[in-house]
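These protein sequence lines are chains Z and B, in that order. Residues in the first sequence are numbered consecutively from 1, following full-length UniProt numbering. Residues in the second sequence are numbered consecutively from 1, following full-length UniProt numbering.
2 protein chains.
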Amino acid sequence: MKTSVIMPLAGACLVAVVVAAAGALAQDTDITKSKPKPASPIYGVTIPDGYRQWELVAPALEHEPLNELRTVLGNKTALDAYRAGTLPFPDGTVLVKLAWKHVQSPEFESALVPGPATTVQVMVKDSKKYAATGGWGFGRFIDGKPVDQAQHETCFACHEARVKARDYVFTKLAP
Amino acid sequence: MKTSVIMPLAGACLVAVVVAAAGALAQDTDITKSKPKPASPIYGVTIPDGYRQWELVAPALEHEPLNELRTVLGNKTALDAYRAGTLPFPDGTVLVKLAWKHVQSPEFESALVPGPATTVQVMVKDSKKYAATGGWGFGRFIDGKPVDQAQHETCFACHEARVKARDYVFTKLAP
């Protein structure tokens with residue numbers, strides 16, 4: 001008799017667990033904002049929300065082999081530091097570089113304008129979390145997805161070799 | 001007797017007027033925000049406050065003879081219209097193009113970066129005020145001061161000849 005009472009209870013519990021799990025699954029797939037964003041290997045850096053509304057730091061052009069127009073935007077912490085000349089940049093600084101293949105303007109012979117988007121590259125300052133790489137975490141994304149670990153292994157070495165004196169940041173604030 | 005009463009009163013009034021005028025003058029010279037901003041000839045367009053915090057529309061490069069890197073920023077009305085594909089742009093749209101001589105990056109052989117600032121160019125949409133020029137007012141500034149009328153007379157003709165179909169706006173929103 002004891003067994004016959006316990007078994008239906010166990011069955012009910014299993015049903016309850018399955019229903020709860022299905023609910024959680026539905027929530028994960030329905031509410032896209034709760035999805036974890038694609039993060040870069042090594043650093044776990046993601047593309048920050050709303051970065052496209054951030055303030056201009058500077059544009060640039062890359063000749064061969066990239067042939068890109070680029071623009072760096074920064075969050076408020078970044079721009080405040082640039083304007084005050086603060087080095088190193090404080091924790092919380094985030095810089096985002098947008099890049100596009102450059103194409104000939106169809107309306108103006110002397111102008112190059114943005115063509116297809118290529119990469120979005122992110123630098124995040126967290127002096128403790130990224131102590132081994134000058135306090136910076138790096139993320140390089142194509143179509144919103146991070147590129148592979150091998151590419152991310154090259155980020156810091158290049159910044160360290162060329163712009164260590166500017167806290168590893170290439171881009172200066174355009175006047 | 002009457003005269004001797006009136007004269008001191010008139011004198012007191014004069015003093016009061018002079019003091020009031022001095023106060024007004026001090027206010028005009030002290031409170032710089034109340035100064036009228038330099039406005040472009042023909043159009044009366046000024047450099048908008050806070051434009052440097054506006055959102056990115058797109059960068060560009062100008063080859064010879066200008067040799068410039070440029071970036072267009074837009075106010076919210078402009079960006080909303082770009083994203084929605086609204087043409088013509090609504091009244092209240094303001095676009096600002098910043099330009100710098102491009103210089104070789106000292107840290108990266110393949111990169112051109114902003115050098116000295118050259119011009120700031122402004123387009124303001126007001127379909128009634130600027131009905132004779134496609135609804136756009138133009139302003140071209142060097143060091144915050146508008147260039148001469150002759151230069152402003154060239155703005156609309158060029159925009160009309162080349163990009164009339166895009167409501168006279170060259171710059172497309174970068175993807």
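All residues carry an ideal CB built from backbone N, CA and C; glycine is no exception.
Do the segment 49 to 66 of chain B and the segment 92 to 111 of chain B meet, that is, are 3 or more Cβ pairs less than 8 Å apart?
The segment 92 to 111 of chain B and the segment 49 to 66 of chain B touch, with three or more beta-carbon pairs separated by less than 8 Å.
Can you list the residues of chain Z that residue 62 of chain B reaches, using a CB-CB cut of under 7 Å?
110 and 111
What is the rounded straight-line gap between the Cα of residue 143 of chain B and the Cα of residue 77 of chain B?
26 Å
Decide if residue 175 of chain Z is buried, meaning its Cβ has at least 16 other Cβ atoms within 10 Å, or exposed.
With fewer than 16 neighbouring CB atoms inside 10 Å of its own CB, residue 175 of chain Z falls in the exposed class.
Cβ-Cβ separation, residue 80 of chain B to residue 125 of chain B (assumed contact under 8 Å), whole Å:
Between residue 80 of chain B and residue 125 of chain B the Cβ distance is about 13 Å, and since that is not below 8 Å, they are no contact.
Every unbroken beta strand (DSSP E) inside the UniProt domain "Cytochrome P460" (48 to 171) of chain Z [3 residues or more]:
As far as the UniProt domain "Cytochrome P460" (48 to 171) of chain Z is concerned, its whole beta strand (DSSP E) runs of at least 3 residues are 55 to 62, 68 to 74, 94 to 104, 111 to 125 and 136 to 142.
Have a look at B:139, B:164 and B:162 and flag the residue whose alpha-carbon is nearest the alpha-carbon of residue 153 of chain B.
B:139
Among residues of its own chain, excluding the 5 on either side of residue 167 of chain B, which ones have a beta-carbon nearer than 6 Å to its beta-carbon?
87, 88 and 89
Does the Cβ of residue 8 of chain B have 16 or more other Cβ atoms within 10 Å, making it buried, or fewer, making it exposed?
Because the pLDDT of residue 8 of chain B is 42, which lies under 50, any placement of that residue in the model is unreliable, and the question is left without a value.
Taking the C-alpha atoms as reference points, what is the distance between residue 133 of chain B and residue 114 of chain Z?
27 Å
Below 9 Å on C-beta distance, what does residue 170 of chain B contact in chain Z?
105, 107, 108, 111 and 113
Sorted by chain position, which residues of the same chain lie with C-beta nearer than 6 Å to residue 82 of chain Z's C-beta, five sequence neighbours on each side aside?
173
Roughly how many angstroms separate the alpha carbons of residue 27 of chain Z and residue 37 of chain Z, rounded to a whole number?
Below a pLDDT of 50, predicted positions are generally treated as unreliable, and residue 27 of chain Z, at 43, falls in that range; the measurement from the model is reported next regardless. Those two C-alpha atoms are separated by around 16 Å.
Cα-Cα, which of Z:44, Z:49, Z:69 and Z:171 is closest to residue 116 of chain Z?
Z:69
Neighbourhood of residue 163 of chain B by C-beta distance below 8 Å, restricted to the same chain and skipping five residues each side:
169 and 170
Determine the contact status of residue 57 of chain Z and residue 137 of chain Z, defining contact as a CB-CB distance below 7 Å.
no
Indicate whether residue 96 of chain Z and residue 43 of chain Z have their beta-carbon atoms separated by less than 7 Å.
no
If we call anything under 7 Å between Cβ atoms a contact, is residue 47 of chain B one with residue 141 of chain B?
yes
Is it buried or exposed, residue 106 of chain B, if we count other Cβ atoms within 10 angstroms and call 16 or more buried?
exposed
Listed by chain order, chain B residues near residue 55 of chain Z by CB distance under 8 Å:
52 and 53
Is residue 135 of chain Z buried or exposed, if buried means 16 or more other CB atoms sit within 10 Å of its CB?
buried
Report yes or no: is there a C-beta of chain Z within less than 7 Å of the C-beta of residue 88 of chain B?
Answer no: the Cβ-Cβ gap between residue 88 of chain B and chain Z never drops below 7 Å.
Cβ of residue 45 of chain B less than 7 Å from any chain D Cβ?
Although the question refers to chain D, the structure presented lacks it and instead comprises the protein chains Z and B.
Select from B:49, B:66, B:75 and B:35 the residue whose C-alpha is nearest the C-alpha of residue 53 of chain Z.
B:75
To the nearest angstrom, report how far apart residue 151 of chain Z and residue 67 of chain Z are at their CA atoms.
19 Å
Assuming contact is defined by CB atoms lying nearer than 7 Å, are residue 112 of chain B and residue 71 of chain B in contact in what I supplied?
The beta carbons of residue 112 of chain B and residue 71 of chain B sit no closer together than 7 Å.
Where residue 84 of chain B and residue 161 of chain Z are concerned, what is the direct C-alpha to C-alpha distance, given to the nearest angstrom?
Each residue's Cα considered, the two are about 44 Å apart.
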